[in-house]
Every structure is written in structure tokens, then in C-alpha cells.
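A short worksheet on the structure shown next.
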Ligand code: ZN
């Protein structure tokens, strides 16, 4: 089975469209590690698309906050404003869809997906030190996660953890070999709001019959998203950060 692995779409329709076009014909099922909405201007299109096209989705903190306003206390003012705007756009049915998304980890085929970390959906796995305490508790040799908006991840062997790097700026893709006797936590990167200094949309492909994961980047018409953010009255900072991928 060939999987397209997405995370942190964040209501960016132009980025999602570019990813789907770029990966066309290379996958059978679509899996999402959460955060369908928040920050960007197309929550309705992205939620409707996800409900129709994704085989498995775990909830992200932004999805959760749309369904439970108490979660908003944990958000910074810009993120909070974008969630309040998002809720004003979504229908009751769409909010119910977000409210019904399961907490990770969720098992798909032979691997797992979660939003932040296998042990805590809201935790940020940024460095090997964040992962080391979790290695003994990994239930699957391969887990896909998101939340940090940083493409790459971690290779774990016994208690030692090494970082897996993102696709280099001048390249389109990078191969991560999946070896037996190791555990992998792989972040496909963010479709809709990359924060690793590369403004291109990020995603991953995983063919279970092949022992590797492909990390990919693709450019999208970011100025269209930027204009929509400004027209919607969302904070300008959300537009400018997309240009730099931060
Ligand atoms: Zn996110």
C-alpha cells in the first residue's frame, strides 16, 4: 500500500493543491497527522476535502481548539484570533467533524500516526533530547508525527537518537531508509505553514512494500494565500511568515 502522509495543513488550500498535484499517481491512501485548520484562510475547503479523502486523521491542537474553546487559553494571541475566525467560517457539521477526530497515536497498517508525540499529543519533538525518554514506549517501529512544522524526524536505536534532516533547499526530495532493528519517528513537515526556513509545502510518501520513506518539498503560489489572509482580516504576521517559511 502506498501512503501520502500529510501534517499541519492549516487551511492552506494552495499548498494542499500543489502537494496533491505533485504526488499524483504515487499513492493509494492519504493519512494526516492533524491540524487541518488554523492560521490560514481556507478552513472550509480543507475540512471538506479531508472528510472526503483521508483514510485516517488524528486531531491536532488547532482542530481540538475549534471544538473546545477552553483549549484557546493555551494559544498565543495571533493563533487564538485565527481559531476564532476559523470557527466563524465553519458549519456546525464541520466543527463536529473536527471534534470527532481521534487522539493519536492511531495505528494504520504497520505504522502509527500522532500529532505531537506518541505519549502526548501536545508535546513538541524538536531535538533528540525530546525523544530519548520516549524510545522505550514506542509501540511501532515507524511513527509519523507533526506539530513542530519541521520536516525530518528521528532515528532511534536502543537509547540513542539521531536527527533525520529535511530535504535540502536545492533538492526536491530526500530518501529515508527504513532499516530493521531501528525505530523511526518521521515528520513529513507542514503542508500549510512550514517553519524550517523553507517556504515550500512539505509532505512524505511511504510505500509499505519498499523500505524507505520519501520526504518531499513543492513550491506553491504563496502570494494567493497571502492575499486571502489579508482579505480575510487575519493578522498580517500570518501572511508574511509564509514567505520565509518560519
Ligand atoms: Zn500545527
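Numbering (the numbering used here), first residue to last: 30 to 275.
Just so it is clear, CB atoms sit at the ideal spot from N, CA and C, and this is done for glycine as well.
Keep in mind that this is a model prediction, so the values were computed, not measured.
TODO: Report buried or exposed for residue 155, applying the criterion of at least 16 other Cβ atoms within 10 angstroms of its Cβ.
DONE: Start at 1 with the first residue of the chain shown, and residue 155 comes out as number 126. Residue 155 comes out exposed.
Open item on the list: If you measure from each CB to the nearest heavy atom of the ligand ZN and keep those under 5 Å, what residues do you get, in chain order?
Closed with: Per the Cβ criterion, the list is 37 and 64.
TODO: Could you tell me the boundaries of the beta strand (DSSP E) in which residue 202 lies?
DONE: If you number the chain shown from 1, residue 202 lands on position 173. Element bounds for residue 202: 202 to 206.
Open item on the list: Classify residue 210: buried if its beta carbon has 16 or more other beta carbons within 10 angstroms, exposed otherwise.
Closed with: Here residue 210 corresponds to residue number 181 of the chain shown, with the count starting at 1. Looking at its Cβ environment, which holds fewer than 16 other Cβ atoms inside 10 Å, residue 210 is exposed.
Open item on the list: Pairs of beta-carbons, one from the stretch 58 to 71 and one from the stretch 30 to 45, closer than 8 Å: are there three or more?
Closed with: With three or more CB-CB distances shorter than 8 Å, the stretch 58 to 71 counts as touching the stretch 30 to 45.
Open item on the list: Tell me the rounded alpha-carbon separation between residue 246 and residue 50.
Closed with: As a first step, residue 246 is located in the chain shown; it is residue number 217 there, counting from the start. As a first step, residue 50 is located in the chain shown; it is residue number 21 there, counting from the start. Approximately 12 Å between the Cα atoms of the pair.
Task: Beta-carbon proximity of residue 338 to residue 138, cut-off 8 Å - done: Past the edges of the chain, shown from 30 to 275, lies residue 338, and the structure says nothing about it.
Task: With 16 other Cβ atoms within 10 Å as the buried cut-off, status of residue 204 - done: The residue you call residue 204 lines up with position 175 of the chain shown. Using a 10 angstroms sphere on the CB of residue 204, the tally of other CB atoms stays under 16, which defines it as exposed.
Open item on the list: In this structure, how does DSSP classify residue 271 when only helix, strand and coil are distinguished?
Closed with: The residue given as residue 271 occupies position 242 in the chain shown. Reduced to three states, the DSSP call for residue 271 is helix.
- [ ] Starting from the Cα of residue 185, find the closest Cα among 178, 177 and 159 and give me that residue.
- [x] Here the question's residue 185 lines up with position 156 in the chain shown. Of 178, 177 and 159, the residue nearest in Cα terms is 159.
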